[in-house]
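Mapping the sequence shown onto our numbering, position 201 (from 1) lands on 201, and the numbers just tick up by one. C-beta atoms are modelled at their ideal positions from N, C-alpha and C, and glycine is treated no differently.
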Amino acid sequence: MSPLAQRILFMDGEAIILDKPSGLPVDPPRDGSLSLENHLASLTFGFQRWPLAVHRLDRDTSGCLLLARNPKAHKRFTAAFEAGDVAKTYLAAVAGAPETDEGEINLPLAKISSPEKGWRMIGSEKKGKAALTRWRLIKTIEGPEGPISLIACFPTTGRTHQIRVHLADGLGLGIIGDPVYGAPAIDAKAPMLLHALSLSIPRGAKPPAEATAPLPDRFIDAGFTQKMLDDAGICP
1 MSPLAQRILF MDGEAIILDK PSGLPVDPPR DGSLSLENHL ASLTFGFQRW
51 PLAVHRLDRD TSGCLLLARN PKAHKRFTAA FEAGDVAKTY LAAVAGAPET
101 DEGEINLPLA KISSPEKGWR MIGSEKKGKA ALTRWRLIKT IEGPEGPISL
151 IACFPTTGRT HQIRVHLADG LGLGIIGDPV YGAPAIDAKA PMLLHALSLS
201 IPRGAKPPAE ATAPLPDRFI DAGFTQKMLD DAGICP
C-alpha cells in the first residue's frame, strides 16, 4: 500500500483529499524523480481509473490536495476552482511580524524568466493576472534570530506561487525556508513553512468535499502549536 493511502483525509465516490507530504511534487520532475503520479495506481480503491489531481501544490508545500476519481468530477471541480468557489486556508510562518492583525493583499502576478535565475512570479499591475489573498495573524513568537509569525492565508484566486509572493512583496514578510521569495530556514533540513491547512469544495445538492490537515511537525519544531490555531478559531 502506498504511504499516501495513510494520509487520506476525505474520500467518497468522486473525491479524495489527501495530506500531501512536503517534498513530493504533484507533477513529474524533469529529473525523473518520484512524484504524486507514482502513487496514483495505489489510490484507486476498487476503481479502474486512477484519480487525477484537480489543482497543484508546490513541492515543499504540504497539506490538502484534491483528487477527482472520475473525469466528470474532475471537470466540475476544476470549474469550481476557476470560479473561485473553493474555500482554502493556508498556514505560513514568516520572518518578522506584520504591522496589523489582518488584511488583504490585492496584487496581480506575472511570470518572468532569465537565463541566470530561471523563472519566478512577480507583482505586476500592468502585466499580471488578478490575485487576491486575505490574511490573518495567528501568533507572533520569538525565533532564534528575532520574531517569527504564523499567518493564516485565505486566497480567493489560485495563481502560481500566489501566497509566497503576496506575503513577500505585498506584506513584506518572506516565508521561512522559501528559497526564491522568502527568508532563510530555521533548520536547514526543514522544508518551506507553507501548509495547505484546509479545503472545502461545494458539490451542489451533495455535502461539500472538505478536510483539514494536521499541523506538520516542522511548524511544531518552529514553536507553533495546534492550541494557537484553536485559540484563533482557525479550522476548529
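Under the three-state reduction of DSSP output, T140 falls in the strand class.
Nearest to L167 by C-alpha distance, out of E99, K227, L40 and G143, is E99. Counting the other CB atoms within 10 Å of its CB gives S114 a total below 16, which places it among the exposed residues. Contact between K129 and R159 holds: their C-beta atoms lie close to 6 Å from each other, under 8 Å.
Of the candidates P179, A222 and L4, the residue whose Cα lies closest to the Cα of K117 is P179. Taking C-beta atoms as the reference points, L215 and L91 count as a pair closer than 9 Å. Put simply, the backbone Cα of E210 is about 26 Å away from that of P28.
Secondary structure at P155: strand, using DSSP grouped into helix, strand and coil.
Three or more pairs of CB atoms, one per stretch, sit closer than 8 Å, so the segment 100-113 contacts the segment 130-138. By the 16-neighbour rule on beta-carbons within 10 angstroms, T212 is buried. Note on geometry: alpha-carbon atoms of S33 and H55 lie some 20 Å from one another. The three-state reading of DSSP puts R56 in coil, since its state is none of H, G, I, E or B.
In the DSSP assignment, D19 falls within the unbroken beta strand (DSSP E) covering A15 to K20. For P51, same chain residues with a beta-carbon under 8 Å away, outside a window of 5 residues either side, are I16, L40, L43, T44, L67, A68 and R69 in chain order. V86 sits away from A53, with the two beta carbons spaced by 9 Å or more.
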